[in-house]
Every structure is written in structure tokens, then in C-alpha cells.
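Asks: Below is the structure I would like to discuss, written out as C-alpha cells.
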Amino acid sequence: MTKRTPIIAGNWKMHNTLAESAALIEALKKAENKNEAEIIVAPSFTSLAEVAKLASGSAIKVASQDVHWEDKGAFTSAVSPVQAKDAGATHTILGHSERRSVFGDTDEILNKKVAAALRHGLTIIFCVGETLAQREANETIAVINSQLENGLKGFTAEQLNGLIIAYEPVWAIGTGKTATPAQAQEVHASIRQFLTDKYGADFAQATRILYGGSVKDSNVDEIMAQPDVDGALVGGQALLADKFTRIINFN
Ligand code: 13P
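Straight run, no breaks: the sequence shown in the working numbering ends on number 332.
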């Protein structure tokens with residue numbers, strides 16, 4: 082079986098002033114990393130350049146939380162992949178459920194954002210996940226396959242090389258409800274099967290699939306123990322240096 086380097090990513094969402102962001106990244110730079118995980122943080126756009134500057138020279142990578150599909154233009158409030166890269170991002174989250182449900186990012190829009198990120202060499206953390214109603218209607222796998230199919234449409238394995246997937250069940254985000262390790266494993270295995278069928282075994286085996294949704298210092302160990310869970314995308318606890326450090330150092 083392929084050994085995949087784990088990824089622990091923090092999505093800071095709409096939190097932190099510049100000073101708070103600076104304090105957090107400085108604390109994380111000093112954190113132990115016994116698993117040699119890849120560490121990624123996604124600050125809000127106002128903190129992105131500052132965090133990237135402070136993180137440079139460390140092993141921590143910086144992601145934008147989204148990018149627009151155009152390189153520039155009359156798109157008030159949006160941030161382009163060119164700007165995100167210029168600010169120091171190497172990665173971008175795309176398709177976070179809050180972007181899908183609050184800001185109306187459809188599969189079609191996300192497909193254009195995927196194209197934009199690839200065009201500029203940003204590594205994509207592509208989020209998928211079902212709502213509670215969809216889970217209860219036994220639609221979880223179908224929903225996720227359709228998000229993958231449509232969001233990544235038109236790109237080859239070669240073009241998507243390095244892609245990171247994040248499975249974030251909508252009902253587990255910010256709710257304190259975590260998928261059980263078995264629920265996470267079931268969906269992660271299904272995502273890997275989708276990738277195998279669509280892009281081949283080599284691509285699927287190399288792709289890191291992160292779990293997100295109420296990951297905490299108290300549950301990270303059992304989640305990370307699942308064979309198809311390659312990392313975590315953390316919200317609330319990514320804002321607390323001590324909690325996030327414990328998550329980075331999962332057992
Ligand atoms: P919480 O860890 O706060 O549930 O958020 C998860 C998430 O949405 C990360 O992108």
C-alpha cells in the first residue's frame with residue numbers, strides 16, 4: 082500500500098484580526114510535528130499575505146479559502162488566483178460547504194474555479210460532503226460522486242496531480258457532531274474508489290483524502306487511524322494553538 086504523507090490543515094474561516102493571525106502562526110511555527118505531517122493554514126484574505134510572510138522559511142504552507150475563476154476584472158469583493166498566489170498562497174480550498182450553501186457556489190462555478198487554480202499552479206483542497214437530509218435518504222455516496230464528477234469535470238489525472246480531497250459532512254461542521262471513524266472510513270474508501278475508476282489506481286493511491294467536521298484533540302486519533310483518512314481539515318480547533326498542535330501530533 083502507498084504511504085501517504087498526512088496533512089493537517091486549519092481553515093480559519095472569517096476569524097482573526099491581523100494581530101491574532103500573526104500570534105497564531107508564530108505559535109504554530111514552534112509546534113512539534115512528530116508525524117512529519119504537512120501543515121497548511123487557510124487564513125482570511127486580510128491576513129493571508131502577513132501569515133504567508135511569517136510562515137516563509139517554515140514548513141507551514143498557506144492556502145486561500147477560495148478563489149474566483151477569473152484572473153482579474155470587475156468582480157467586487159472577489160479574490161483571484163493570481164492575487165492569492167501573489168499574497169503567498171500555494172494551496173486553495175474550493176467547494177467548502179459554506180461556500181456552496183451560503184454563497185451559492187455550484188458544481189459548475191466550482192469547475193471554473195478548479196480550472197483557474199490549476200492554471201496558476203495552486204494545489205486544490207476540494208471539499209465534498211452531504212447534508213443530514215441527504216445522509217438520511219441514503220444519498221451520501223451519490224451526492225459525493227456527483228460533486229466530484231461535476232466539480233472536476235474535464236481534467237485528466239495528470240492535470241489534477243497533487244489534488245487533495247476533503248470530505249466534510251455538512252451536518253458535522255461546527256456542530257460538535259463528528260462522523261464516527263467507521264462513517265468517515267466508508268465515505269473515504271468510496272471516494273478513493275471513485276478516483277480509481279476515473280483516474281486510475283496510481284492517482285487514487287497518491288491522493289490525500291482529509292476528513293473535516295468537528296475534528297478535535299479528543300477525536301483526532303481514532304479518525305486518523307482509519308486507513309483511507311489521510312489527514313484533517315479543522316475549523317474551530319484550528320484557531321487554538323494548543324488544540325491544533327495536539328491535532329498535528331495525532332497518535
Ligand atoms: P469545524 O472543525 O469547526 O467543525 O469546521 C470544519 C470545517 O468546516 C473545516 O473546513
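Built from N, CA and C at the ideal position, the CB exists for glycine as well.
Apply the 10 Å Cβ neighbour rule to L233 and answer buried if 16 or more other Cβ atoms are within range, or exposed otherwise.
Replies: buried
Asks: Please classify P250 as buried or exposed, where buried requires at least 16 neighbouring CB atoms within 10 angstroms.
Replies: Under this definition P250 is a buried residue.
Asks: Please find out if some non-hydrogen atom of the ligand 13P comes closer than 8 Å to the beta-carbon of H172.
Replies: No, the ligand 13P has no heavy atom inside 8 Å of this Cβ.
Asks: Report the three-state DSSP secondary structure of K142 (helix, strand or coil).
Replies: Reduced to three states, the DSSP call for K142 is strand.
Asks: Counting only beta-carbon atoms, is I225 nearer than 9 Å to chain C?
Replies: Absent here is chain C; the protein component of the structure consists of one chain.
Asks: Exposed or buried, what is P308 when buried is set at 16 or more other beta-carbons lying within 10 Å of its beta-carbon?
Replies: exposed
Asks: If you measure between the beta carbons of G316 and G91, is that distance less than 9 Å?
Replies: yes
Asks: Mind checking which residues open and close the beta strand (DSSP E) that includes I254?
Replies: From DSSP, I254 is part of no beta strand (DSSP E); its letter is neither H nor E.
Asks: I'd like the span of the alpha helix (DSSP H) that includes H172, first residue to last.
Replies: Counting along the chain, H172 falls outside any alpha helix (DSSP H), though it belongs to the beta strand (DSSP E) covering 172 to 175.
Asks: Excluding sequence positions up to five away, which residues of its chain have a Cβ less than 8 Å from the Cβ of S137?
Replies: G169
Asks: Can you tell which of R181, F284, I246 has the C-alpha that lies nearest to the C-alpha of E239?
Replies: F284
Asks: Can you name, in chain order, every residue of its own chain whose Cβ lies under 6 Å from the Cβ of S139, other than the five neighbours on each side?
Replies: K110
Asks: Exposed or buried, D311, counting other C-beta atoms within 10 Å across all chains shown (16 or more means buried)?
Replies: buried
Asks: Measuring only the C-alpha atoms, how far is A287 from R85?
Replies: Approximately 7 Å between the Cα atoms of the pair.
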